[in-house]
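Here is the structure we will look at, set down as structure tokens.
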Amino acid sequence: MELMNNTLNRSEQFTAPVASESRSDESAEQDAVTVRRACGRGEYDAARLRFLRLREPSQVQLLEDIPRSEAVRLAGGLPSYTVARLCERVPKNLRRAIVQALPEVKRHGVSVILDYRRRI
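Take UniProt numbering: the final residue in the sequence shown is number 120, and no numbers are missing along the way.
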């Protein structure tokens, strides 16, 4: 009987993370939907807060999926290091649009970060 209880407890240990992972996937999907809606309504501050909660692959995918003008505006308000990190992973034409739309000082900062990261 004790062996059966131990076996049941072990199986619960292995199934619990799956439910947790699916919940986080659902949460990430909900965050992505919220970002899209907020961008569509012009609420970029709210969109950025949710955007930063997403994992990097989801952030990249979202930038590629939304209209370019929204992606540029969304990225423009992100921290410089975040913009640089994302620029390394988005297509070249989107990267160029994002960087060119940044204010001069921020554009220079992002360029310095990208140059440094290329060298290491």
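Built from N, CA and C at the ideal position, the CB exists for glycine as well.
Rounded separation between residue i and residue j - CA only
i, j, result
"residue 108", "residue 63", "21 Å"
"residue 111", "residue 28", "29 Å"
"residue 77", "residue 115", "21 Å"
"residue 75", "residue 83", "6 Å"
"residue 118", "residue 95", "15 Å"
"residue 99", "residue 73", "11 Å"
"residue 45", "residue 92", "25 Å"
"residue 85", "residue 33", "22 Å"
"residue 56", "residue 104", "25 Å"
Endpoints, the alpha helix (DSSP H) within which residue i is located
i, result
"residue 104", "104–119"
"residue 66", "It is not in any alpha helix (DSSP H) - residue 66 carries neither H nor E in the DSSP assignment."
"residue 96", "92–101"
Three-state secondary structure (DSSP) of residue i
i, result
"residue 43", "coil"
"residue 57", "helix"
"residue 77", "coil"
"residue 36", "helix"
"residue 88", "coil"
"residue 14", "Confidence is the limiting factor: at residue 14 the pLDDT is only 46, short of 50, which leaves the residue's position unreliable, though a coordinate-based value still follows. In this structure, residue 14 counts as helix in the three-state DSSP scheme."
beta-carbon residue i near the ligand GDP non-hydrogen atom, thresh 8 Å
i, result
"residue 60", "No copy of the ligand GDP occurs in the structure displayed, which carries no ligand at all."
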